[in-house]
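Let me begin by presenting the structure, written as structure tokens, before commenting on it.
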Amino acid sequence: MPKLKMSFFFPFFALVLILPCHTHATTYYVNPVLGTADYDGKNLLRPLKDLQKVNQLPIQAGDSILLAAGYTFSGALRLKGIQGTAEAPVVISSYQWGNTLEDKRAIIDAKGFLHGVHLTNCSHILVKDLIITADGGASGTGDMRCGILVDTDLAGQYTGIQLDHIWVKDLFFEDQGFQRGKDEVRTANGSQRYGWGIRFINHTEGATLKDLLVINCVVKNVAHTGIKFTSRNKAIENIRIYNNRVLETGGPGIQMSGISGGHIKDNYVAHSGSPDDSRKWGRGSGLWTWGSADIVIENNHFLNANGPGDSAGCHIDFNCENVVVQYNFSANNAGGFCEILGNNYNCAYRYNISVNDGHRVKGENGAFQEGKTFWLSGYQGNKKPRKGPFNSYFYNNTIYVGKDIISKIAVDKASAGVLIMNNIFYIEGESQAVLGDQYKPEQAGTATIKDIVFNNNLYLKSENWPKAASIQDKSQRIGDPRFFQAGGLDITAYIPTNIQLIKDKGLAIPRIPNDEIGLTIGLKVAHDILGNPIIGMPDLGAIELE
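Printed below as a string of structure tokens:
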């Protein structure tokens, strides 16, 4: 892949986090057993007792707050207006005390409190090596509970928040046994009080949150979204989400709204939209973007998303531009594989592998949308006419759909500018053209979609792309790529063994007619989903043969 040209790749983000030594920095120790109300916490043997004392500390750049590993701290840790520096960040972490522990992390139990860790108007804070939980104990105030919440309430620029090796688990606002209303899952994002894993929120006029890193974290069993970024007017900039595991969330796994610049890589997201607890929302894609620009989503796994609507592996909601979904493995997601909604510009799915995505059937088990293999939707909200998406690129993907699933295709007649090339559609069963069915469903009718580049795709059978679809491949290739293990749940299962059919049979990807941009990171890539270099003409599908 060519060097990324987007402005959001900054040297600020080093994957090895090294803490500089500062002569005047203070380390505060917190231990619920050894601590007393009289201790100031500045000595390992004279620690503070609880988080309430920590919240009153005069924290300065370079200071550290260390909680005794293996102990549980009831309450919440709240810092407001604390300003570390790039050279002297404020550190919140654990320290080992006593015998060797299997997990060298302290536990914050925020049951009955709003948030486990709450950072407001802060810069250059590193939170690492903690476990955070909060299973119910609904507070009388507030509309949500978060494991970690980073937010603003004053104008200014806040930068450099890093979350590393955090485990957020069992995060619910309501107590066990609470029953969601049966129609709650049909609302756009849920309307009741939920527990969220990690949230960044900037709704403050004149405030910017930027240079944010979430790395090596686990978010498991939360009522709504696992990792979520929300702002207005793209006032959250330059985010990194690396090497996290997001599991069994009641809502989406990872979600971002109003983001400018992001890199989401090497994450494992499974069972988003989980309905296994009555307090969970029960719907959600593995990842989705809204109102965001310049996002690269690569080398992730998106598995087993559930829900009656949306709930794709990774989907691009409306009002986005330059969102590239590449090198991902997507499997068994109810809503589907490719989903690009309205008013989106120059977005792409390329070099991904999809396995049995879009198995949901409308009308069954409360589903109000069909699952779809491929969906271009002009939906941009109930109060606006359908529009776009514009200049959508879909190339060198490998799509497998087993014989028990009807592969459904929807291309909104409001679309303009579509490229579909070099893909492998291995669809064992039937295929069907359907209408888009968001909250404001697409109306039937004919229209001419302009600026189409649709050719040189490989199909197992000629009918794999439904004849009733509004756009058609101009030069189908038909044949069996003979995958190493068709139906398997591993990238290598989709290595083609029919070399003559696949090797060098791809075409160079052109810009869509009347598209002056293409993709800002470039249409040509340097390697495939396995990292194999692409030499000469590309092969068909997501894997380049030697």
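674 is the number of the first residue of the sequence shown in our numbering; add one for each residue after it. Heads up, the beta-carbon is just placed ideally off N, CA and C, and yes, glycines get one too.
Check                                                                                                                                                                   : Outcome
Rounded to whole angstroms, what's the CA-CA distance from G1152 to L1174? Just pull it up for me.                                                                      : 7 Å
Give me the DSSP bridge partner(s) of Q835.                                                                                                                             : L799 and L886
Do you know whose CA, among V919, L1180 and N1016, lies nearest S947's CA?                                                                                              : V919
Measuring only the C-alpha atoms, how far is H791 from A710?                                                                                                            : 23 Å
So does L1192 have its beta carbon nearer than 7 Å to some heavy atom of the ligand SAH?                                                                                : This structure lacks the ligand SAH, and indeed carries no ligand of any kind.
Exposed or buried, which one is G1179 when buried takes at least 16 other CB atoms within 10 Å?                                                                         : buried
I want to see whether chain D comes within less than 8 Å of V823, judged by CB atoms only; does it?                                                                     : No chain D is part of this structure, which consists of one protein chain only.
Who are F1063's beta bridge partners in DSSP?                                                                                                                           : Y1018 and A1089
Excluding the five sequence neighbours on either side, which residues of its own chain have a C-beta within less than 6 Å of the C-beta of G815, listed in chain order? : L787
Determine, using beta-carbon pairs with one atom in the stretch 908–919 and one in the stretch 886–896, whether at least three such pairs fall under 8 Å.               : yes
Which of the three DSSP states is assigned to A1166 in this structure?                                                                                                  : helix
Note down, one range per segment and in chain order, each beta strand (DSSP E) of at least 3 residues found wholly within the stretch 908–974.                          : 909–915, 918–920, 927–930, 932–938, 941–943, 960–963 and 966–971
Looking at the unbroken beta strand (DSSP E) that takes in Q1173, where does it start and where does it end?                                                            : No beta strand (DSSP E) contains Q1173, which is instead part of the alpha helix (DSSP H) from I1172 to I1175.
With a cut-off of 8 Å, do at least 3 Cβ pairs link the stretch 955–972 to the stretch 934–945?                                                                          : yes
Three-state secondary structure (DSSP) at I691?                                                                                                                         : For I691, the pLDDT reaches just 42, beneath the cut-off of 50, and the residue's location in the model is therefore unreliable, leaving the point undetermined.
Are T1185 and V1126 touching if we call contact CB-CB under 8 Å?                                                                                                        : Contrary to the premise, residue 1185 reads as Ile rather than Thr in this sequence. Yes, these two residues count as a Cβ contact at 8 Å.
If distances are taken between C-alpha atoms only, which option among A779, A734 and I1207 comes closest to T745?                                                       : A779
Apart from the five residues just before and just after G1039, which ones in its own chain have a Cβ nearer than 8 Å to its Cβ?                                         : V858 and P981
Mind reading off the beta-carbon distance from Y1073 to S1027? Whole number of angstroms is fine, and I expect it under 8 Å.                                            : 7 Å
On the CB-based measure, 16 or more other CB atoms within 10 Å of its CB, does V763 come out buried or exposed?                                                         : buried
For the beta strand (DSSP E) containing V858, name the first residue and the last one.                                                                                  : V858 -> no beta strand (DSSP E), and no H or E assigned at all.
Measuring only the C-alpha atoms, how far is Y1022 from N1055?                                                                                                          : 26 Å
Mind the definition here: the stretch 753–761 touches the stretch 703–723 only if three or more C-beta pairs lie below 8 Å; say whether that holds.                     : no
Measuring only the C-alpha atoms, how far is G868 from V823?                                                                                                            : 15 Å
Would you mind reading off the limits of the alpha helix (DSSP H) that contains V727?                                                                                   : L724 to V727
If we count the other Cβ atoms within 10 Å of its Cβ and call it buried at 16 or more, is N704 buried or exposed?                                                       : buried
Is it buried or exposed, N906, if we count other Cβ atoms within 10 angstroms and call 16 or more buried?                                                               : exposed
DSSP three-state call for N1070: helix, strand or coil?                                                                                                                 : coil
Can the beta-carbon of G789 be found less than 8 Å from the beta-carbon of I738?                                                                                        : no
For R905, write down the residues that DSSP places opposite it in a beta bridge.                                                                                        : Note: R905 sits in no beta bridge, so no partner.
Helix or strand or just coil, what does DSSP make of N1137?                                                                                                             : helix
For the beta strand (DSSP E) that I1122 lies in, which residues bound it at each end?                                                                                   : First-last for I1122: undefined, no H or E at that position.
Can you find at least 3 beta carbon pairs, one from the stretch 1074–1086 and one from the stretch 1133–1148, that sit closer than 8 Å?                                 : yes
In this structure, how does DSSP classify E994 when only helix, strand and coil are distinguished?                                                                      : strand
Who are the Cβ neighbours of Q928 in its own chain at under 6 Å, not counting the five residues just before and after it?                                               : T898, K901 and W961
Is L1133 near L1213, with beta carbons less than 8 Å apart?                                                                                                             : no
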